[in-house]
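Notes follow once the structure below has been shown.
Residue numbers (the working numbering), protein chains in the order written: chain A, 5 to 95; chain B, 39 to 124.
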């Protein structure tokens with residue numbers, strides 16, 4: 005999982021049915037110091053996150069299917085926000 | 039999952055039978071500021087996207103799950119057309 009900062013909301017009307025009812029947020033991965041590191045990712049929100057929040061993003065399909073359920077056994081969603089980070093401490 | 043701009047179409051006559059009928063588009067992945075990032079990709083379109091549109095894609099194994107048929111060999115699928123980023 006990656007620690008990210010939510011930087012914007014992505015609105016889409018025409019989308020795959022699997023995305024209906026979900027909020028899509030653009031997330032910027034952070035390094036241990038909280039600085040931006042790497043490319044932004046789009047993730048479905050499952051933690052009521054908002055812009056500016058530090059969140060935990062799971063980038064793996066099996067976990068997404070367990071959290072969000074499937075449509076006919078399938079789900080084309082890979083990245084899900086699974087938590088809001090209160091604090092990260094790196095020794 | 040990531041943002042991209044549709045920049046072209048791709049036509050292939052000879053292909054894996056499971057890809058029959060699927061629309062292939064050429065996309066340019068974008069960063070958070072919508073600047074081009076990396077090289078072009080060919081993606082299966084599931085939302086009737088058109089040339090020049092801002093879209094989002096799902097990659098890896100989950101791309102195949104955007105299609106009706108099981109076990110289709112694709113690694114990028116367009117799953118939404120972006121209206122607005124706020």
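Here a beta-carbon is modelled for each residue, glycine too, at the ideal position from N, C-alpha and C.
Would DSSP call residue 52 (chain A) helix, strand or coil?
Three-state result, residue 52 (chain A): coil.
Could you give the first and the last residue of the continuous beta strand (DSSP E) run that contains residue 88 (chain A)?
Where residue 88 (chain A) is concerned, the enclosing beta strand (DSSP E) stretches over 83-88.
Along the beta strand (DSSP E) that carries residue 97 (chain B), what are the first and last residues, could you check?
Its beta strand (DSSP E) spans residues 92-97.
Since residue 30 (chain A) meets chain B, which of its residues come closer than 9 Å, beta carbon to beta carbon?
Residues of chain B passing the Cβ test: 41, 70 and 123.
Under 9 Å between C-beta atoms of residue 123 (chain B) and residue 14 (chain A):
In contact: residue 123 (chain B) and residue 14 (chain A) (Cβ atoms closer than 9 Å).
State the start and end residues of the unbroken alpha helix (DSSP H) segment that holds residue 68 (chain A).
Here the alpha helix (DSSP H) through residue 68 (chain A) covers 65-72.
I'd like to know whether the C-beta of residue 41 (chain A) is nearer than 9 Å to at least one C-beta of chain B.
Residue 41 (chain A) does not count as touching chain B.
Exposed or buried, residue 9 (chain A), counting other C-beta atoms within 10 Å across all chains shown (16 or more means buried)?
Residue 9 (chain A) is buried by the Cβ-count criterion.
Where DSSP assigns a beta bridge to residue 66 (chain B), which residues make up the other side?
Its beta-bridge partners are B:43.
Looking at C-alpha atoms only, which residue of B:108, B:86, B:56 and B:71 is the closest neighbour of residue 40 (chain B)?
Looking only at B:108, B:86, B:56 and B:71, the smallest Cα-Cα distance to residue 40 (chain B) is reached by B:71.
Pick out whichever of B:90, B:55 and B:61 has its Cα sitting closest to the Cα of residue 67 (chain B).
Taking residue 67 (chain B) as reference, the option from B:90, B:55 and B:61 with the minimal CA-CA separation is B:90.
Interface residues of the stretch 9-27 of chain A facing chain B [CB-CB below 9 Å]:
So the list reads 11, 12, 13, 14, 15, 16, 17, 18, 19, 20, 22 and 23, given in the order they occur along the chain.
I'd like the span of the beta strand (DSSP E) that includes residue 79 (chain B), first residue to last.
For residue 79 (chain B), the enclosing beta strand (DSSP E) stretches over residues 79-83.
Round the Cβ separation of residue 7 (chain A) and residue 92 (chain A) to the nearest angstrom and send it over; I've been treating them as touching at under 8 Å.
Going by Cβ atoms, the distance from residue 7 (chain A) to residue 92 (chain A) rounds to 6 Å, so yes, they are a contact pair.
Does the beta carbon of residue 1 (chain B) come closer than 9 Å to any beta carbon on chain A?
This structure leaves residue 1 (chain B) out entirely; chain B is present only between 39 and 124.
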